[in-house]
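To convert, take the position in the first sequence, counting from 1, and add 209; that gives my numbering. Every residue gets a Cβ at the ideal spot worked out from N, C-alpha and C, and that includes glycine.
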Amino acid sequence: MRPPDTRTREFSSSRVLPPEFFSRPAVELAPELLGVLLVRQTDSGITSGRIVETEAYPGPEDPASHAALRIGRTRRNDPLFGPPGTAYVHCNYGVHWCFNVVAARSGKPEGVLVRAVEPVAGIDLMRERRGREELTNGPGRLGQAFALGPDLNGHPLDRPPIWLEEGDPVPTHDRVSTTRIGIRRAAERPWRWYDGRSKWVSRR
DNA sequence: ATACCGATGGACT
DNA sequence: GTCCATCGGTATA
């Protein structure tokens, strides 16, 4: 029996990021999300983690976006068109649930994919859900460790059962910018960011 | 009805 | 490092 996780906290509105924080282009928001705390509450308990890796998918002009011009608005990508500061959760390869933060403004389908977090609270619960030690270094792993699914689509990120809190900011010189991972189209654009100090980044 | 394609992860060398 | 199964969403018929 290990000691209780002392960093587990109840929801507190004083720490959440306000909707205005997300009202900017995805390419600007993505690096600012590094260091932010992602908190998830379910009947099983609370899990939280510090965001260490993000990717921007800035709308219709981006051929890699789920809302690229050639695709348009569909039932799948509809949450991306919603208000900033809400969730877009999509399924990848039919098995992995990936979490995005909606950016910009309503009607503009911009989003930031959260690719990795550093586990902070509820680590045993993450282990239970994952069944292995690689907990949150990758969008699919993170989705499973935090029990993220399509039920969270459109959910505002300033209240339970999932919210974002201000964290220790990542110094500018530790924000590493690279190309996005796992895409074919527009693969050369430098729209991935990670915390260069973190061991929880999915890949260098 | 059904074919196709992944914003990946896990098993393996 | 390499290989490939995975199945939900979408488009097409």
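Output the distance between the C-alpha atoms of residue i and residue j, rounded to the nearest integer angstrom.
i	j	result
S221	P369	10 Å
P359	V298	6 Å
R279	P318	14 Å
V248	A313	22 Å
W409	G258	10 Å
Q250	R336	16 Å
T387	V329	25 Å
R393	W402	18 Å
E262	W306	16 Å
T256	E241	21 Å
A273	T283	15 Å
R384	G405	6 Å
R338	P269	35 Å
E375	S407	18 Å
I260	E237	15 Å
P380	V225	20 Å
Can you give me the start and stop residues for the alpha helix (DSSP H) that residue i sits inside?
i	result
P240	A235 to E241
A354	P348 to A354
Just tell me which of the options has its CA closest to the CA of residue i.
i	options	result
G320	E219, W400, S411 and V225	W400
E327	T251, G340, S315 and L351	L351
G349	P365, G331, D367 and I390	I390
S232	I260, T295, R284 and L361	T295
A235	A277, A273, G291 and V311	V311
H275	A356, F308, S407 and D383	F308
L361	G291, E343 and E264	G291
Output the boundary residues of the beta strand (DSSP E) element that contains residue i.
i	result
D404	R401 to D404
E262	G254 to P267
L373	I371 to E374
R249	L246 to T251
S386	R384 to T387
Could you tell me if residue i is buried or exposed, where buried requires 16 or more neighbouring beta carbons within 10 angstroms of its beta carbon?
i	result
A396	exposed
V304	exposed
T215	Model confidence at T215 stands at a pLDDT of 47, short of 50, so the residue's coordinates are unreliable; what they give is reported in the following sentence. Exposed.
E229	exposed
P212	Per-residue confidence for P212 stands at a pLDDT of 48, beneath the threshold of 50, marking its modelled position as unreliable; the derived number appears in the next sentence. Label assigned to P212: exposed.
N301	exposed
S411	buried
R341	exposed
Whole alpha helix (DSSP H) runs in the region 293 to 352 with 4 or more residues, listed along the chain? Taking 4 residues as the shortest admissible run, the region 293 to 352 contains the following complete alpha helix (DSSP H) segments, listed from N- to C-terminal end: 332 to 339.
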